[in-house]
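In my numbering, the protein residues as written are 26 to 391.
Below is one structure; the comments refer to it alone.
As structure tokens, this is what we get:
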């Protein structure tokens, strides 16, 4: 599939970058980065639209039943918890990615140094509100990072939800270990899909620690992009405490395709995966017994990530950088920032309305 080819190309770029971190960027990436070295664009995310300021804290969970071949230690998932915060004073925003990961990503995507200094509109470790409207788990696309869903995540957090994003070692583009070691992605299609389901199960088992603002009555939901969206459905089949979910342009896979779901499950689709003529989607939708709204947007597959606004912003600052980004992560919006912003707005609205309805909570009720 087209998406798998793109993901593989990104994974290969990561391998090249892994050998260059700390040294000079080489090859085509260097040429593009050098051509843009004098530009000073700022990649920005729209402000969240909910009534609450947003906080974020970092954590991790480990699974002692699975040993990482590279580290020799239990599989460890880096976690970020985004949450509605108490009003706070001027606090510098949390970084988009860690200081160690940022230069590796900028090399992978051919970005000049500092272009991923993105304002997350979230303050690190500020005081949370006493209660949350729900907990929402998030999984990213194969070969991607949870950071690339920040535009969607901060909006949900500003509406009262605790949003738990997770990384997947060897499938996430690059993650940082506590000792500073960077673990780069393999080809994500070589990773077992069930690894995603196991990762979610470990996170579910640690929610009491990760989100102490939640209690046993707090509803739990999940959404994901691409492979992460497919995982959301499969997680809901095997872990019915997840009572609602959304798939952002992921191809259904696993037992859930035939078994279906009783819980509400929404889908958003791109131009790369239209509903018409898609027999796999038709089978999956036919087996969904709960509410299952479907929305199609005029974007490419990676238009369901922050790149939907980053690509056109980059293209305005330097057309060569924008063209390279659109080749790596096609969004369909590289020439139209207004369309990119409209697409992200539509995604935020779909997610917030769906979860507000099906988690039986009203934003601002507490």
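We put the beta carbon where it would ideally sit given N, CA and C, even for glycine.
All values derive from a computational prediction rather than experimental measurement.
Taking the CB atoms as reference points, tell me whether residue 111 and residue 83 lie closer together than 8 Å.
Start at 1 with the first residue of the chain shown, and residue 111 comes out as number 86. Start at 1 with the first residue of the chain shown, and residue 83 comes out as number 58. Result no, Cβ atoms of residue 111 and residue 83 do not sit closer than 8 Å.
Please work out which residues of its chain come closer than 6 Å, Cβ to Cβ, to residue 75, disregarding the five sequence neighbours upstream and downstream, and give them in chain order.
Mapped onto the chain shown, residue 75 falls at position 50. Contacts found: 183, 184.
Is the number of C-beta pairs between the region 201-212 and the region 337-355 that are closer than 8 Å three or more?
no
Pick out whichever of 220, 133, 364, 218 has its Cα sitting closest to the Cα of residue 199.
Reading the chain shown from its first residue, position 174 is the one you call residue 199. Nearest option by C-alpha distance: 133.
Assumed close pair residue 169, residue 291 - CB separation to whole angstroms, cut-off 8 Å:
The sequence position of residue 169 within the chain shown is 144, counting from 1. The sequence position of residue 291 within the chain shown is 266, counting from 1. No, residue 169 and residue 291 are not in contact; Cβ-Cβ is about 20 Å, not under 8 Å.
Which word fits residue 415, buried or exposed, when buried means at least 16 other C-beta atoms lie within 10 angstroms of its C-beta?
With the chain covering 26 to 391 only, the question about residue 415 has no answer from this structure.
In chain order, what residues of the same chain lie with their CB nearer than 8 Å to the CB of residue 11, ignoring the 5 residues before and after it?
The structure shown does not extend to residue 11, since the chain spans only 26 to 391, so no value can be given for it.
Let me make sure I understand the geometry here. Which of 146, 204, 246 has the alpha-carbon closest to that of residue 125?
Residue numbering aside, residue 125 sits at position 100 when the chain shown is read from its first letter. The option with the nearest alpha carbon to residue 125 is 204.
Straight-line CA distance for residue 337 to residue 268?
Position 312 of the chain shown, counted from the start, is the residue given in the question as residue 337. Position 243 of the chain shown, counted from the start, is the residue given in the question as residue 268. If you take the alpha carbons of residue 337 and residue 268, they lie about 36 Å apart.
Reduced DSSP secondary structure (H/G/I, E/B, other) of residue 147:
Walking along the chain shown from the start, residue 147 turns up at place 122. Coil, per DSSP.
Three-way DSSP call (helix, strand, coil) for residue 83 in this model
Residue mapping note: residue 83 aligns to position 58 of the chain shown, counting from 1. Note: residue 83 maps to strand in three-state DSSP.
Roughly how many angstroms separate the alpha carbons of residue 382 and residue 293, rounded to a whole number?
Counted from its first residue, the chain shown places residue 382 at position 357. Counted from its first residue, the chain shown places residue 293 at position 268. If you take the alpha carbons of residue 382 and residue 293, they lie about 17 Å apart.
Residue range of the alpha helix (DSSP H) that residue 349 falls in?
For the purposes of this step, residue 349 is taken as the residue at position 324 of the chain shown. 344-353 is the extent of the alpha helix (DSSP H) around residue 349.
Tell me whether residue 156 sits in a helix, a strand or coil according to DSSP, three-state version.
Stepping through the chain shown from its first residue, residue 156 is reached at position 131. Of the three classes helix, strand and coil, the one that applies to residue 156 here is coil, per DSSP.
In this structure, how does DSSP classify residue 233 when only helix, strand and coil are distinguished?
If you number the chain shown from 1, residue 233 lands on position 208. Three-state DSSP puts residue 233 in a helix.
Mapping the DSSP letters down to three states, classify residue 250 as helix, strand or coil.
Here residue 250 is taken as the residue at index 225 of the chain shown, counted from 1. Reduced to three states, the DSSP call for residue 250 is strand.
Would you mind sorting residue 68 into buried or exposed? The rule is 16 or more other CB atoms within 10 Å of its CB.
On the chain shown, position 43 is the one that residue 68 refers to. Residue 68 comes out buried.
Between the alpha carbons of residue 323 and residue 296, how many angstroms are there, rounded?
Locating residue 323 in the chain shown gives position 298, counting from the first residue. Locating residue 296 in the chain shown gives position 271, counting from the first residue. Using only the alpha carbons, I get a separation of about 6 Å.
Cβ atoms of residue 218 and residue 278: under 8 Å apart, would you say?
One-based indexing of the chain shown puts residue 278 at position 253. One-based indexing of the chain shown puts residue 218 at position 193. In this structure, residue 218 lies closer than 8 Å to residue 278 by Cβ.
Please list, in chain order, all residues of the same chain as residue 266 whose beta carbon is under 8 Å from its beta carbon, the five residues on each side excluded.
Start at 1 with the first residue of the chain shown, and residue 266 comes out as number 241. Here the set comprises 229, 245.
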